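K.L.:
Once you've had a glance at the structure underneath, I'll fire off some questions.
2 protein chains.
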Amino acid sequence: MNEFEIIRRYFTRATDDRAVEIGVGDDAAVLRPDGRIVVTIDTLVSDVHFPADAPPDAVGHRALAVSLSDIAAMGARPRWCTLALTMPGADSDWLEAFASGFYALAGRFGVSLVGGNLTHGPLTVSVEAIGTLPAEAAPLTRGGGRPGDDVYVTGTLGDAAAGLACLKSRGETSAQADVGALARGLVTRYLKPTPRVEAGHALSGIASAAIDISDGLAADLGHLCRSSRCGAEIDVDLLPCSEALRSLFSVSDVLRFALGGGDDYELCFTAPPSAAERVAAALGATGTPFRRIGTLTEKPEIVFLRGTERVEPPVPGYLHFA
Amino acid sequence: MNEFEIIRRYFTRATDDRAVEIGVGDDAAVLRPDGRIVVTIDTLVSDVHFPADAPPDAVGHRALAVSLSDIAAMGARPRWCTLALTMPGADSDWLEAFASGFYALAGRFGVSLVGGNLTHGPLTVSVEAIGTLPAEAAPLTRGGGRPGDDVYVTGTLGDAAAGLACLKSRGETSAQADVGALARGLVTRYLKPTPRVEAGHALSGIASAAIDISDGLAADLGHLCRSSRCGAEIDVDLLPCSEALRSLFSVSDVLRFALGGGDDYELCFTAPPSAAERVAAALGATGTPFRRIGTLTEKPEIVFLRGTERVEPPVPGYLHFA
Chain Z
32 MNEFEIIRRY
42 FTRATDDRAV
52 EIGVGDDAAV
62 LRPDGRIVVT
72 IDTLVSDVHF
82 PADAPPDAVG
92 HRALAVSLSD
102 IAAMGARPRW
112 CTLALTMPGA
122 DSDWLEAFAS
132 GFYALAGRFG
142 VSLVGGNLTH
152 GPLTVSVEAI
162 GTLPAEAAPL
172 TRGGGRPGDD
182 VYVTGTLGDA
192 AAGLACLKSR
202 GETSAQADVG
212 ALARGLVTRY
222 LKPTPRVEAG
232 HALSGIASAA
242 IDISDGLAAD
252 LGHLCRSSRC
262 GAEIDVDLLP
272 CSEALRSLFS
282 VSDVLRFALG
292 GGDDYELCFT
302 APPSAAERVA
312 AALGATGTPF
322 RRIGTLTEKP
332 EIVFLRGTER
342 VEPPVPGYLH
352 FA
Chain H
32 MNEFEIIRRY
42 FTRATDDRAV
52 EIGVGDDAAV
62 LRPDGRIVVT
72 IDTLVSDVHF
82 PADAPPDAVG
92 HRALAVSLSD
102 IAAMGARPRW
112 CTLALTMPGA
122 DSDWLEAFAS
132 GFYALAGRFG
142 VSLVGGNLTH
152 GPLTVSVEAI
162 GTLPAEAAPL
172 TRGGGRPGDD
182 VYVTGTLGDA
192 AAGLACLKSR
202 GETSAQADVG
212 ALARGLVTRY
222 LKPTPRVEAG
232 HALSGIASAA
242 IDISDGLAAD
252 LGHLCRSSRC
262 GAEIDVDLLP
272 CSEALRSLFS
282 VSDVLRFALG
292 GGDDYELCFT
302 APPSAAERVA
312 AALGATGTPF
322 RRIGTLTEKP
332 EIVFLRGTER
342 VEPPVPGYLH
352 FA
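Dropping the structure here:
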């Protein structure tokens, strides 16, 4: 199979999106957005962002998920994507599984793959996601938070980092059947994160600021606070953590994963207390669990509290080139 | 320097494009297109698409150029781009030069870098380019050619492939001063190709089909013919080749580079004979050299002729996973 055969066989599927005027197969795709567009690019590198032996359907899923998560964090609706896939060889089983993971997630959120690039080299996957935002809607930036705003997160935190830890110590965790089933749930959260697409879109016009949690709550809330020029007080007892995480790991590990672990792709967002009911209604309508975990403050510092006692923040989020 | 410092220092420059509502620094960029958008992604991998020791400003230039070329080949105007840069380390001299090459080309064509991603791994650069196309303009697809249409190319062919050959045999070519100067011109065409941005835009509404020449004329004309469901007769004596190419290489090498060599990023396009004057006027206005090299035919086969004698086509264009 050369690159053109691979594209035809695995990456050319019809779309019913009538806004796609030209899709895969020409020099570029031609799309008709209604309103503004929201664009982001993310890269996964083998052995940096996922284990080299990760299931290929998970690699396909995850590569798209991380970009959709960024679109969601802007309050936009993802519509289209392009895929730049660099791989060391053309293995049809791998490609079949990769494409099935990729298209399954794309189909779930009505996203069309409209173009891409296939090259030979070390396994690296970049996905550009393109969303649309109606002319009247304000984007959900990181910089709109104000002191006094409530700080919220969707879902549960720390599962993905714990899942990665389970993967790394594979054998130990899967030796016990009960633990194995719980651990598998965490591993799935790491390998196949679900971007909060509906939640992000629902929060547009309600939340004051938002960011997706890819580097860990402490790091990503830090970005939000810096952009919003304020600080935050977070009650660590309010952090939403799954039963699986709590039952498999010690209290200190749970805290470390929840604050410092990346890859959850939950949303962290803020809203004034007066918007609390609208937040609940919007997220309730999309079936998204969420929890208020603290408050933005004037002082530009993030303080983690257990009751009135200060908890030292864990290691910062993942840094490339740290 | 961690990734955030690198982004702040090297990849955050103000844009005067008022259609950029949010640029670098949030979860995603927010842009206001006027009309349709045209999107493409391309990846350069070290030691596959460029020598690992290529000057970093050339890597930055080239990574953007190849994507702008695709936008040009659709007849659209490039406006914005995102950059996914994966690199093994954070070397400030390298980054400074890479960014300067990237921004110099972007500035020349009024393209704003609006977002990106920086990760640790083997040197790989993906650029998504986003162009706009007015509502009334037809995109320049590969599939609009009809039998009887003239086949044209812009600029000269084979220089980039010859430049790469010079790079590979470095030392031999630079030993002679005169030859060295000519060879340097070819090497520059390889390392810093100029995408035919104005020409592509000018041909919108005039040309019947277009493709950019990244894999070699024989291969890319093949794509155009397949999409247009026709063939072509090409007069190899009409192929435009530079003085430098002709003076440094044998007749057979010249033909091999001109037909089989990729990386020129010239445009190959077609137009009915009745449009010949409009083609000349449009390209003349942009100062783009061009030449008619043949005709599209009904029979789905590409024939290369020298006078009435058939010339065997050279090796096909570059194929990943061939």
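Quick mapping for you: the protein sequence lines, in order, are chains Z and H. One gets our numbering by counting positions in the first sequence from 1 and adding 31 to each. One gets our numbering by counting positions in the second sequence from 1 and adding 31 to each. All C-beta atoms, glycine included, are put in the ideal place defined by N, C-alpha and C. Keep in mind it's a predicted model, so treat the numbers as computed, not measured.
#1: Output the distance between the C-alpha atoms of residue 268 of chain Z and residue 301 of chain Z, rounded to the nearest integer angstrom.
#2: If contacts are defined as beta-carbon pairs under 8 Å, then residue 236 of chain H and residue 168 of chain H qualify, I think. What distance do you get, rounded to the angstrom?
#3: For a contact defined as C-beta to C-beta under 9 Å, what are the partners of residue 157 of chain H on chain Z?
#4: Decide yes or no for the touch test of the stretch 93-111 of chain Z against the stretch 158-173 of chain Z: beta carbon pairs closer than 8 Å, at least 3 of them.
#5: Can you list, in chain order, the residues of its chain whose CB lies under 7 Å from that of residue 226 of chain Z, leaving out five sequence neighbours each side?
#6: For residue 333 of chain H, decide whether its Cβ has a neighbour in chain Z, counting only Cβ atoms nearer than 8 Å.
#7: Might you give, ordered along the chain, the residues of its own chain that have their beta carbon closer than 8 Å to the beta carbon of residue 276 of chain H, omitting 5 neighbours on each side?
#8: Enumerate, from N- to C-terminal direction, the unbroken alpha helix (DSSP H) stretches of 4 or more residues contained entirely within the stretch 256-329 of chain Z.
#9: Please confirm whether residue 108 of chain Z and residue 232 of chain Z have their CB atoms less than 8 Å apart.
#10: Residues of chain Z with CB under 8 Å from residue 64 of chain H, in chain order?
#11: Using a Cβ distance threshold of 8 Å, determine whether the stretch 256-270 of chain H contacts the stretch 324-338 of chain H, with at least three qualifying pairs required.
#12: Quick one: using the 10 Å Cβ neighbour count with 16 as the cut-off for buried, is residue 208 of chain Z buried or exposed?
#13: Which residue or residues does DSSP assign as beta-bridge partners of residue 183 of chain Z?
#14: Name the residues in the stretch 163-187 of chain H whose C-beta lies less than 7 Å from a C-beta of chain Z; which are they?
#15: Output the distance between the C-alpha atoms of residue 22 of chain H and residue 336 of chain H, rounded to the nearest integer angstrom.
#16: I need the boundaries of the beta strand (DSSP E) containing residue 110 of chain Z, first residue and last residue.
#17: So who's on the other strand from residue 148 of chain H, going by DSSP bridges?
#18: Taking CB distances under 8 Å as the criterion, tell me whether residue 57 of chain H reaches chain Z.
#19: Can you tell me the Cβ-Cβ gap for residue 243 of chain Z and residue 58 of chain H, rounded? I've got them flagged as a contact below 8 Å.
#20: Less than 8 Å between the C-beta atoms of residue 151 of chain H and residue 79 of chain Z, yes or no?
#21: Comparing alpha-carbon positions, which option in Z:213, Z:239 and Z:111 lies nearest residue 183 of chain Z?
#22: Measure the beta-carbon distance from residue 51 of chain Z to residue 125 of chain Z and round it to whole angstroms, keeping in mind my assumption that it falls under 8 Å.
#23: Measuring only between beta-carbons, confirm whether residue 104 of chain Z sits less than 8 Å from chain H.
#24: So residue 52 of chain H contacts chain Z; which residues on that side make the cut at Cβ distance below 8 Å?
#25: Taking only beta-carbon positions, decide if residue 206 of chain Z is within less than 8 Å of chain H.
#26: DSSP beta-bridge partners for residue 127 of chain Z?
#27: Once the 5 residues before and after residue 228 of chain Z are set aside, which same chain residues still bring their CB inside 7 Å of it?
#28: Kindly indicate if chain Z contains any beta-carbon less than 8 Å away from that of residue 243 of chain H.
#29: How big is the Cα-Cα spacing for residue 280 of chain H and residue 42 of chain H?
#30: Scan the stretch 205-237 of chain Z and note each continuous alpha helix (DSSP H) run of 4 residues or more that stays entirely inside, going in chain order.
#31: Return yes when the Cβ of residue 134 of chain H is within less than 8 Å of the Cβ of residue 67 of chain H, no when it is not.
#32: For the beta strand (DSSP E) that contains residue 70 of chain H, what are its first and last residues?
#33: Taking 8 Å as the CB-CB limit, is residue 122 of chain Z close to chain C?
#34: From the DSSP output, in three-state form, read off residue 90 of chain Z for me.
#35: Which of the three DSSP states, helix, strand or coil, is assigned to residue 245 of chain Z?
#36: Between the C-alpha atoms of residue 251 of chain Z and residue 299 of chain Z, what's the straight-line distance to the nearest angstrom?
P.N.:
Taking the coordinates as given:
#1: 18 Å
#2: 6 Å
#3: 72, 74, 115, 117, 148, 155, 157 and 159
#4: yes
#5: 96, 99, 100, 103 and 296
#6: no
#7: 187, 189, 190, 193, 217, 285, 288 and 289
#8: 274-279, 282-291 and 307-316
#9: yes
#10: 64, 67 and 68
#11: yes
#12: With a pLDDT of only 44 at residue 208 of chain Z, under 50, the local geometry of the prediction cannot be trusted, and no value is derived from it.
#13: Z:300 and Z:323
#14: 164, 170, 172 and 173
#15: Summary: the structure shown does not reach residue 22 of chain H, with chain H confined to residues 32 through 353, and so no result is reported for it.
#16: 108-118
#17: H:115
#18: yes
#19: 6 Å
#20: yes
#21: Z:239
#22: Actually they are not in contact, since the Cβ atoms of residue 51 of chain Z and residue 125 of chain Z sit about 27 Å apart, beyond 8 Å.
#23: yes
#24: 67 and 170
#25: Note that residue 206 of chain Z scores 39 on pLDDT, short of 50, meaning its location in the model is unreliable; the coordinates nonetheless yield the value given after this. No, residue 206 of chain Z does not count as interfacial toward chain H.
#26: Residue 127 of chain Z pairs with nothing; no bridge assigned.
#27: 99, 103, 109 and 140
#28: yes
#29: 41 Å
#30: 208-222 and 228-234
#31: no
#32: 67-76
#33: In the displayed structure, chain C is absent; the protein chains listed are Z and H.
#34: helix
#35: coil
#36: 8 Å
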